[in-house]
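Visitor:
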Amino acid sequence: MVFLLAGFIQFSQAQEWRNNLPQNKLKNHTLTLKDYQQAFAKYWSGERLKEAPAGENEIRDENYEKFKRWEWYWETRVTPGTGAFPQGNAWDVFKQYMAGLPKEIRAQDKGNWVSDGPNQSGGGYSGLGRVNCVAFSPVDTNTLYVGTASGGVWKTSDLGGHWTPLGDFNMSLGVADIVVENNGGDDIVYLGTGDKDHWDTYSIGVLKSIDGGQTWKKTGLDWNQNYHGMIYRVLKDPDDDNTLYVSTNKGLFKTTNGGDTFNMIDAHHFREIEFQ
Numbered sequence: 002m003v004f005l006l007a008g009f010i011q012f013s014q015a016q017e018w019r020n021n022l023p024q025n026k027l028k029n030h031t032l033t034l035k036d037y038q039q040a041f042a043k044y045w046s047g048e049r050l051k052e053a054p055a056g057e058n059e060i061r062d063e064n065y066e067k068f069k070r071w072e073w074y075w076e077t078r079v080t081p082g083t084g085a086f087p088q089g090n091a092w093d094v095f096k097q098y099m100a101g102l103p104k105e106i107r108a109q110d111k112g113n114w115v116s117d118g119p120n121q122s123g124g125g126y127s128g129l130g131r132v133n134c135v136a137f138s139p140v141d142t143n144t145l146y147v148g149t150a151s152g153g154v155w156k157t158s159d160l161g162g163h164w165t166p167l168g169d170f171n172m173s174l175g176v177a178d179i180v181v182e183n184n185g186g187d188d189i190v191y192l193g194t195g196d197k198d199h200w201d202t203y204s205i206g207v208l209k210s211i212d213g214g215q216t217w218k219k220t221g222l223d224w225n226q227n228y229h230g231m232i233y234r235v236l237k238d239p240d241d242d243n244t245l246y247v248s249t250n251k252g253l254f255k256t257t258n259g260g261d262t263f264n265m266i267d268a269h270h271f272r273e274i275e276f277q
């Protein structure tokens, strides 16, 4: 069997404005959002950026747009006042937070909800929301799972008649890819987290469920969201259910023990991977 990889090296993100960052904090990995903002503002001050008069041709700078999107994402996620990025494992911090809430708040009773719309938009789309991936149960053709950009993973057991959200309390509600296997009993489900298309949500690695998505646990590929990792594919070896490959912007990873541990095969930026 030949394993084909379609990978490419990610372009360098070292723009000139990064030279304005405090070098001592850069070496110590203690940079804050404020440090990035000040360095960026210093670079773009003066004559570099001007508002063009109406009617004149505009010159777009992709690096400026990318930074502003990145800045918008982190403004509500850093420590107020200092701008410090979150430290520690986001999953563990979230679990501690949930454990400290009153039981009635922690209860996952979803209640009875009815969609109040809108169900269509004026942009030509037939509906709202975005599905990134679909995976079928290998033992029940009526059961399938879908992963969304920032709405979590959903499951149906009647071929789409009714849907149930799974993992609403996962730290990342983006789902890039899903792998389902079953050797008898409940489905075993692997989630590649994050939104691979538009990066609406960063990845926290691969999550695993051994009860058809009712509960989730971390695997050996465990990231913080401030790592800015993104998963593109989770691919199971057709000859071994415990062997999976994961393509990411941080490299190509492999597990041979059902996700307990992962080893990096290659440090380049990989997207599509397939078996042949």
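Residues 2 to 277, numbered by the numbering used here, are exactly what the sequence shown covers, in order. We treat Cβ as the ideally placed atom computed from N, Cα and C, and that holds for glycine. In this text the structure is predicted, and so the values were computed from the model without any measurement.
Taking DSSP as the reference, what is the three-state secondary structure of Lys-35?
Guide: If DSSP states are grouped into helix, strand and coil, Lys-35 belongs with the helices.
Visitor: In chain order, what residues of the same chain have a beta carbon less than 6 angstroms from the beta carbon of Pro-139, not counting five sequence neighbours either side?
Guide: Cβ within range, chain order: Asn-183.
Visitor: Spell out whether any CB of chain C is found under 9 angstroms from the CB atom of Glu-66.
Guide: No chain C appears in this structure, which consists of one protein chain only.
Visitor: Rounded to whole angstroms, what is the Cα-Cα separation between Gly-161 and Asn-143?
Guide: Rounded to whole angstroms, Gly-161 to Asn-143 spans 8 angstroms at the Cα level.
Visitor: Once DSSP output is grouped into helix, strand and coil, what is the label at Leu-27?
Guide: Residue state, collapsed to three classes: helix.
Visitor: Would you tell me roughly how many angstroms separate the C-alpha atoms of Val-1 and Trp-18, rounded to the nearest one?
Guide: With the chain covering only 2 through 277, there is no way to say anything about residue 1.
Visitor: Starting from Leu-192, trace the beta strand (DSSP E) in both directions and tell me its first and last residue.
Guide: Element bounds for Leu-192: 189-194.
Visitor: Does the distance from the C-beta atom of Thr-220 to that of Tyr-246 stay below 9 angstroms?
Guide: Going by C-beta atoms, Thr-220 is not nearer than 9 angstroms to Tyr-246.
Visitor: Nearest CA to the CA of Lys-218: which residue from Ser-173, Lys-197 and Leu-253?
Guide: Per the Cα distances, Ser-173.
Visitor: Spatial neighbours of Thr-244 within its chain, please: C-beta separation below 8 angstroms, excluding the five flanking residues on both sides.
Guide: Excluding residues within five positions, the ones whose Cβ falls inside 8 angstroms are Lys-237, Asp-238, Lys-255, Thr-256 and Thr-257.
Visitor: Return the CA-CA distance between Ser-248 and Lys-197, expressed in angstroms with no decimal places.
Guide: Cα-Cα distance, rounded: 11 angstroms.
Visitor: Less than 9 angstroms between the beta carbons of Leu-34 and Glu-72, yes or no?
Guide: Result yes, Cβ atoms of Leu-34 and Glu-72 sit closer than 9 angstroms.
Visitor: Who are Asp-223's beta bridge partners in DSSP?
Guide: Per DSSP, Gly-206.
Visitor: Pull the bridge partners of Arg-234 from the DSSP assignment, please.
Guide: Its beta-bridge partners are Ser-248.
Visitor: If you draw a straight line from the alpha carbon of Ala-85 to that of Asn-113, how long is it in whole angstroms?
Guide: When rounded, the distance between both Cα atoms is 39 angstroms.
Visitor: Do the CB positions of Gly-279 and Lys-251 come within less than 9 angstroms of each other?
Guide: For the chain, the structure presents residues 2 to 277; residue 279 sits outside this window and is missing.
Visitor: Within the same chain, show all residues whose beta-carbon is closer than 7 angstroms to that of Ala-268, passing over the 5 residues directly before and after it, in chain order.
Guide: Cβ neighbours of Ala-268 beyond the five flanking positions: Gly-252.
Visitor: Under 9 angstroms between the Cβ atoms of Gly-175 and Ala-150?
Guide: Going by C-beta atoms, Gly-175 is nearer than 9 angstroms to Ala-150.
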